[in-house]
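All remarks here apply to the structure that follows.
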Amino acid sequence: MSVRIEVAHDIEACRATVPIQEEVWSGDVVVPPQLLLAVTHNGGFVAVGHVDGDERPAGFVFGFLGIYDHHFRHHSHMLAVRAPHRHSGLAVALKEAQRDHCLDQGIDTIAWTMDPLEARNARFNFAKLGAFARTYGRDWYGAMPDKLNEGIPSDRLYVEWRIATDRADKRLRGADAIPTLDDAERDGIPWILAARGDRPAEEPSPPGGESHALVAIPMDFQAIKAQDLPTAVLWRDMVRQAFELAFAEGYAAVEFLRSSDGSRGAYMLVRQPQHPSPEETSEVMR
Ligand SMILES: CC(C)(COP(=O)(O)OP(=O)(O)OC[C@H]1O[C@@H](n2cnc3c(N)ncnc32)[C@H](O)[C@@H]1OP(=O)(O)O)[C@@H](O)C(=O)NCCC(=O)NCCS
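Each step along the sequence shown adds one to the number in my numbering, with nothing skipped, and position 143 is 216.
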């Protein structure tokens with residue numbers, strides 16, 4: 074299957090995102106094409122993806138130029154591929170086009186938010202792109218009416234993608250061997266939160282200074298939400314506690330691992346090197 078990326082410069086291309094937004098999320102929360110156009114003319118980026126044999130646009134990405142922690146970065150607000158064209162390479166091609174746009178601008182980081190309970194997005198962001206996360210937001214967007222988000226607090230991980238790195242290059246080329254969850258378990262990496270079947274096994278436990286730790290999530294959160302809302306809410310609460318515990322102790326989520334049979338998935342977190350604060354440094358110098 075061959076895919077083609079069209080970088081949006083006019084209102085027609087921006088309008089082409091609307092049916093995709095409606096199909097993937099619902100018509101309740103649509104970013105208007107006029108706003109998309111204004112963003113593309115002011116440093117931001119919109120691209121529409123096409124797949125051979127389908128006249129309708131198959132996916133899109135949208136992001137804007139921002140400032141975070143005193144540095145320019147690109148905030149990627151939306152990425153979507155229509156269901157029939159998932160796993161076609163189009164999502165990666167859209168992110169590559171966005172990355173090229175940012176590298177041309179001299180920007181080295183693209184960031185976005187993601188629902189930590191969406192295993193497919195986790196696999197895409199961490200394994201295929203090589204992004205990482207170290208910040209967690211509770212109910213970030215408040216109550217959301219669309220079909221993916223309704224009925225549950227909109228907690229988000231803040232995902233950062235360093236696009237000028239060897240890691241990003243290798244992941245995009247599929248050149249990095251990513252361990253399986255079975256490997257991680259064999260290595261004795263401890264669980265902050267484990268799963269038993271479709272449910273969290275028990276309350277999260279603190280990572281306790283280990284170099285690596287695991288946080289389980291369900292493989293199909295939308296199905297759990299549709300069939301058993303209390304269990305979905307329990308997952309939200311447990312995963313929130315797990316990430317808050319870990320991030321408070323200086324860990325970052327750097328991978329999303331799957332078991333070799335594809336039935337289980339977990340984030341792998343690593344302890345980040347501690348940098349002395351400026352006050353501590355001046356203490357040492359004195
Ligand atoms: C997010 C999205 C753009 C990714 O596109 P995609 O075509 O599904 O992505 P890919 O298939 O290239 O990558 C997804 C990876 O997750 C894997 N995957 C699929 N379902 C999975 C699941 N339930 N659990 C774990 N991994 C899963 C895929 O196998 C693939 O990994 P692999 O290539 O290593 O096997 C698309 O799924 C989408 O539009 N989702 C709805 C909208 C959305 O959530 N957007 C992002 C937030 S704005």
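Even for Gly, the Cβ is constructed at its ideal location relative to N, Cα and C.
- For Leu176, the number of other beta carbons within 10 angstroms of its own is below 16, and it is reported as exposed.
- Assignment of Leu266 by DSSP, reduced to helix, strand and coil, places it in the strand class.
- By the 16-neighbour rule on beta-carbons within 10 angstroms, Ile140 is exposed.
- Here His160 is exposed, its C-beta having fewer than 16 other C-beta atoms within 10 Å.
- Taking C-beta atoms as the reference points, Gly132 and Arg155 count as a pair closer than 8 Å.
- Judged by DSSP in its simplified three-state form, Thr113 adopts helix.
- Counting along the chain, the unbroken beta strand (DSSP E) around His285 starts and ends at His285 to Ile290.
- Here Tyr214 is exposed: its Cβ has fewer than 16 other Cβ atoms, across all protein chains shown, within 10 Å.
- For Asn222, the CB stays at least 7 Å from every heavy atom of ligand 1.
- Between the beta-carbon of Arg229 and that of Ile183 there is about 16 Å, and that puts the pair past the 8 Å contact cut.
- Between ligand 1 and Arg337, a heavy atom-to-CB distance of less than 7 Å is absent.
- The C-beta separation of Thr186 from Tyr231 comes to about 6 Å, placing the pair in contact by the 8 Å criterion.
- Within the stretch 116-204, the complete alpha helix (DSSP H) segments at least 4 residues long are 163-177 and 192-195, listed from N- to C-terminus.
- The C-beta distance from Ala195 to Phe329 rounds to 4 Å, short enough to fall under 8 Å.
- In the pairwise beta carbon analysis, the stretch 203-212 is classified as touching the stretch 220-228: at least three pairs are separated by under 8 Å.
- Here the C-alpha atom of Glu258 lies approximately 38 Å from the C-alpha atom of Pro218.
- Distance from the CA of Asp256 to the CA of Cys87, rounded to the nearest whole angstrom, comes to 44 Å.
- With 16 or more other CB atoms across the displayed protein chains lying within 10 angstroms of its CB, Ile93 is buried.
- Exposed is the label assigned to Ile84, since fewer than 16 other Cβ atoms lie within 10 Å of its Cβ.
- In terms of side-chain proximity, the C-beta atom of Met341 is found no nearer than 7 Å to any non-hydrogen atom of ligand 1.
- In the same chain as Ala164, and ignoring 5 residues on each side of it, the C-beta atoms closer than 7 Å to its own belong to Gly132, Leu152, Val154 and Phe197, in chain order.
- Within the stretch 206-261, the complete beta strand (DSSP E) runs of at least 3 residues fall at 229-235.
- In the structure shown, the three-state DSSP call for Val91 is helix.
- Boundaries of the beta strand (DSSP E) around Met341: Gly338 to Arg344.
- Where Val327 is concerned, the enclosing beta strand (DSSP E) starts and stops at Tyr324 to Arg331.
- The C-alpha of His144 lies about 21 Å from the C-alpha of Asp239.
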